[in-house]
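Asker: Would you mind keeping the following structure in view while I ask a few things?
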Amino acid sequence: MKKLLVVLLILAVASMAFIGCQGRGNQNRDITVGFAQAKADESDWRMANTRSMLDAFNRAGWRLILADSNNDAAKQIADVQNFINMGVDYIVISAVNEAGWDTVLRNAQRANIPVILNDRTMQASEDLWLAWFGGSFRHEGDLAMDWIEKRFGANPVGLVHLQGQLGASAQVGRTEAVDAALARNSNWNLLARQTGDWGTDRARAVMTVWIQQHRNRINVVFAENDNMALGAIQALQEAGIRVGGANGVAIVTVDANRWSLQMTLEGLINYNVECNPLLGPGIFTIIDNHRKGIMPPKRSTVDALTFAYDSITQAVINARAY
Ligand code: AHR
Numbered sequence: 009m010k011k012l013l014v015v016l017l018i019l020a021v022a023s024m025a026f027i028g029c030q031g032r033g034n035q036n037r038d039i040t041v042g043f044a045q046a047k048a049d050e051s052d053w054r055m056a057n058t059r060s061m062l063d064a065f066n067r068a069g070w071r072l073i074l075a076d077s078n079n080d081a082a083k084q085i086a087d088v089q090n091f092i093n094m095g096v097d098y099i100v101i102s103a104v105n106e107a108g109w110d111t112v113l114r115n116a117q118r119a120n121i122p123v124i125l126n127d128r129t130m131q132a133s134e135d136l137w138l139a140w141f142g143g144s145f146r147h148e149g150d151l152a153m154d155w156i157e158k159r160f161g162a163n164p165v166g167l168v169h170l171q172g173q174l175g176a177s178a179q180v181g182r183t184e185a186v187d188a189a190l191a192r193n194s195n196w197n198l199l200a201r202q203t204g205d206w207g208t209d210r211a212r213a214v215m216t217v218w219i220q221q222h223r224n225r226i227n228v229v230f231a232e233n234d235n236m237a238l239g240a241i242q243a244l245q246e247a248g249i250r251v252g253g254a255n256g257v258a259i260v261t262v263d264a265n266r267w268s269l270q271m272t273l274e275g276l277i278n279y280n281v282e283c284n285p286l287l288g289p290g291i292f293t294i295i296d297n298h299r300k301g302i303m304p305p306k307r308s309t310v311d312a313l314t315f316a317y318d319s320i321t322q323a324v325i326n327a328r329a330y
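For the sequence shown, the residue numbers in my numbering are 9 to 330.
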């Protein structure tokens, strides 16, 4: 009888422990998110984006596994397949290239792993990803082109165009905006266009060659991100060419990192279109809501502010979060 009581007691304690574990588990089950980043340190924008993601997920105590593809599209697809093989709960992708995703996304779907697109869009069937959160690249490009149109009116425009890494949706959208502006402005002349791969050194080298080829004909540089704008400015200054302000070569860029806004205030950059990299909290909310059964909107766009050299103030820059 005594033995039986002991066994019953053990069973009761064990079942209570089991129920306790189940309860805790249902609420706080360990969540693992695989984050396939394009290239974590590629530019100031991307570093801020990587930090924002890590902060948002760490704050909630979730595991975020970062895979850095070094802007290699094939490696990034392999990184995503690796996340699928590991059985992560969610996958977040900031796509190097907008093409080539169908097979691996289908594998994720078969494995029941929802995919969220961070910043970059993809050419893939919509049912293969849960939600996208980021900026509208075409709109950012349009805002940049609007400023050039207003500044130059009917005067001749000799434009050089530094593109992002070819095939990235950010490059595709911003370049579409340039092409549309060229088509509607017969006074614009595209002197040169080439990728600077989002980086300062590459852009500086490209710009140095363009200066040798076109020197006095260049009156506008459009760089598809801040880091490339910086490279172009360095090359122009090295060549003794005046940059920015009312009389120098006009510099127009996208991203609006704090240092580049400081250069805008100094008059070295004429116009800066914001592309907000602080997407971590929004991506976290999408996943958190989805876990609770709340379907996120398919697309959520972040607004783009603009900053011009003749109206920006130090107070505006100081209030910026990145
Ligand atoms: O996709 C956003 C773009 O990618 C940013 O403009 C650029 O700096 C980054 O690499």
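Each residue gets a CB set at the ideal place from its N, CA and C atoms; glycine is no exception.
Predicted model only: the values in this text are computed from it and were never measured.
1. Where Gly-161 and Ala-152 are concerned, what is the direct C-alpha to C-alpha distance, given to the nearest angstrom?
2. At the level of alpha carbons, what is the spacing between Thr-293 and Val-251?
3. Among Arg-212, Ala-264 and Thr-111, which has the Cα closest to the Cα of Val-324?
4. Quick one: is Thr-309 buried, meaning 16 or more other Cβ sit within 10 Å of its Cβ, or exposed?
5. Given a cut-off of 9 Å on the beta-carbon distance, is the pair Asp-87 and Gly-142 in contact?
6. Mind checking who Gln-45 pairs with in its DSSP beta bridge?
7. Measure the C-alpha to C-alpha separation of Ile-295 and Arg-266 and round it to an integer number of angstroms.
8. Report yes or no: do three or more beta-carbon pairs, one from the region 277-286 and one from the region 78-87, lie closer than 8 Å?
9. Check Gln-171 in the structure and name its three-state DSSP category.
10. Closer than 8 Å to a non-hydrogen atom of the ligand AHR - does that hold for the CB of Glu-50?
11. For the alpha helix (DSSP H) holding Ser-102, just list the boundary residues, first then last.
12. Please tell me whether, using a cut-off of 8 Å, the distance from the CB of Gly-143 to the nearest non-hydrogen atom of the ligand NAD is below it.
13. Considering only their Cβ atoms, is the gap separating Val-229 from Ala-258 smaller than 9 Å?
14. Which residue wins for smallest C-alpha separation from Leu-244, given the options Gln-131, Glu-232, Asn-224 and Asn-233?
15. My parser needs the beta strand (DSSP E) runs of 3 or more residues fully inside the region 265-313; what are they?
16. Drop a sphere of 10 angstroms on the beta-carbon of Asp-187, count the other beta-carbons inside from all chains shown, and report buried for 16 or more, exposed for fewer.
17. Determine the burial state of Gly-69: buried for a count of at least 16 other Cβ atoms within 10 Å of its Cβ, exposed for fewer.
18. Starting from Gln-322 and walking both ways along the alpha helix (DSSP H), at which residues does that stretch end?
19. Quick one: give me the first and last residue of the alpha helix (DSSP H) that Asn-115 is part of.
20. Between the Cα of Arg-114 and the Cα atoms of Arg-307, Ile-124 and Asp-135, which residue gives the shortest distance?
21. Just verifying my parser: in three-state terms, what is the DSSP assignment at Gly-151?
22. So, for Arg-146: in the same chain, excluding its five sequence neighbours on each side, which residues have a beta-carbon less than 6 Å away from its beta-carbon?
23. Could you tell me the boundaries of the alpha helix (DSSP H) in which Ile-85 lies?
24. Roughly how many angstroms separate the alpha carbons of Ala-316 and Gly-256, rounded to a whole number?
25. Between Leu-238 and Ile-320, is the Cβ-Cβ spacing less than 9 Å?
26. If you measure between the beta carbons of Asn-126 and Leu-287, is that distance less than 9 Å?
27. Hey, would you say the C-beta of Ala-107 is under 8 Å away from at least one heavy atom of the ligand AHR?
28. Which residues share a DSSP beta bridge with Gln-202?
29. Is Ile-226 helix, strand or coil when you go by DSSP?
30. Quick one: is the Cβ of Val-260 within less than 8 Å of any heavy atom of the ligand AHR?
31. Could you check if Met-236 is buried or exposed, using at least 16 other CB atoms within 10 Å of its CB as the buried criterion?
32. How should Gln-30 be labelled, buried or exposed, when 16 other C-beta atoms within 10 angstroms of its C-beta is the threshold for buried?
33. From the DSSP output, in three-state form, read off Gly-31 for me.
Answerer: So, to answer that:
1. Taking the sequence shown and counting its residues from 1, one reaches residue 161 at position 153. Taking the sequence shown and counting its residues from 1, one reaches residue 152 at position 144. Near 14 Å, if we compare the C-alpha coordinates of Ala-152 and Gly-161.
2. Working through the sequence shown from its first residue, we reach residue 293 at position 285. Working through the sequence shown from its first residue, we reach residue 251 at position 243. Taking the straight line joining both Cα atoms gives about 42 Å.
3. Translated into positions along the sequence shown, residue 324 becomes position 316. Selected option, being the one with the closest Cα: Ala-264.
4. As a working note, residue 309 is residue 301 in the sequence shown. So Thr-309 counts as exposed.
5. Taking the sequence shown and counting its residues from 1, the one referred to as residue 87 is at position 79. Taking the sequence shown and counting its residues from 1, the one referred to as residue 142 is at position 134. Against a cut-off of 9 Å, the Cβ pair of Gly-142 and Asp-87 comes out as no contact.
6. By one-based count along the sequence shown, residue 45 stands at place 37. Answer is Asp-76.
7. By one-based count along the sequence shown, residue 295 stands at place 287. By one-based count along the sequence shown, residue 266 stands at place 258. For Ile-295 and Arg-266, the distance between alpha carbons rounds to 29 Å.
8. no
9. Working through the sequence shown from its first residue, we reach residue 171 at position 163. Reduced to three states, the DSSP call for Gln-171 is strand.
10. Here the question's residue 50 lines up with position 42 in the sequence shown. Glu-50 Cβ: within cutoff of the ligand AHR.
11. Against the sequence shown, residue 102 aligns to sequence position 94. Taken as a continuous stretch (DSSP letters only), Ser-102 belongs to no alpha helix (DSSP H), as it is neither H nor E.
12. Of the ligands this structure carries, namely the ligand AHR, none is the ligand NAD.
13. Numbered from 1 along the sequence shown, position 250 holds the residue referred to as residue 258. Numbered from 1 along the sequence shown, position 221 holds the residue referred to as residue 229. Yes, they are a contact pair.
14. Position 236 of the sequence shown, counted from the start, is the residue given in the question as residue 244. Here the closest residue by C-alpha is Asn-224.
15. 279-282 and 307-310
16. In the sequence shown, counting from the first residue as 1, residue 187 sits at position 179. By the 10 Å Cβ count, Asp-187 comes out exposed.
17. Counted from its first residue, the sequence shown places residue 69 at position 61. So Gly-69 ends up on the exposed side.
18. Working through the sequence shown from its first residue, we reach residue 322 at position 314. That run of the alpha helix (DSSP H) goes 322-326.
19. Within the sequence shown, residue 115 is the residue found at index 107, counting from 1. Run containing Asn-115: 110-118, per the alpha helix (DSSP H) assignment.
20. Numbered from 1 along the sequence shown, position 106 holds the residue referred to as residue 114. Of the listed residues, the one whose Cα sits closest to Arg-114 is Asp-135.
21. Start at 1 with the first residue of the sequence shown, and residue 151 comes out as number 143. For the sequence presented, residue 151 should be read as Leu rather than Gly. Here Leu-151 sits in helix by DSSP.
22. Mapped onto the sequence shown, residue 146 falls at position 138. Excluding residues within five positions, the ones whose Cβ falls inside 6 Å are Gly-181, Glu-184 and Ala-185.
23. The sequence position of residue 85 within the sequence shown is 77, counting from 1. Where Ile-85 is concerned, the enclosing alpha helix (DSSP H) stretches over 81-94.
24. Here residue 316 corresponds to residue number 308 of the sequence shown, with the count starting at 1. Here residue 256 corresponds to residue number 248 of the sequence shown, with the count starting at 1. Taking the straight line joining both Cα atoms gives about 15 Å.
25. Indexing the sequence shown from 1 puts residue 238 at position 230. Indexing the sequence shown from 1 puts residue 320 at position 312. Not closer than 9 Å, so no.
26. If you number the sequence shown from 1, residue 126 lands on position 118. If you number the sequence shown from 1, residue 287 lands on position 279. In contact: Asn-126 and Leu-287 (Cβ atoms closer than 9 Å).
27. Position 99 of the sequence shown, counted from the start, is the residue given in the question as residue 107. No, the beta carbon of Ala-107 sits no closer than 8 Å to any heavy atom of the ligand AHR.
28. Translated into positions along the sequence shown, residue 202 becomes position 194. Note: Gln-202 sits in a beta bridge opposite Leu-170.
29. As a first step, residue 226 must be located in the sequence shown, where it is residue number 218. In the structure shown, Ile-226 sits in coil (DSSP, three-state: anything other than H, G, I, E or B).
30. Residue 260 sits at position 252 when you count from the first residue of the sequence shown. Not so, every heavy atom of the ligand AHR lies at least 8 Å from the Cβ.
31. The residue you call residue 236 lines up with position 228 of the sequence shown. Buried.
32. Taking the sequence shown and counting its residues from 1, one reaches residue 30 at position 22. With a pLDDT of only 31 at Gln-30, under 50, the local geometry of the prediction cannot be trusted, and the value read off the model is given with reservation. Classification of Gln-30: exposed, given that the 10 Å Cβ count is below 16.
33. For the purposes of this step, residue 31 is taken as residue 23 along the sequence shown, with counting starting at 1. Residue placement at Gly-31 is flagged as unreliable, the pLDDT there being 31, under the threshold of 50; a coordinate-derived value is accordingly withheld.
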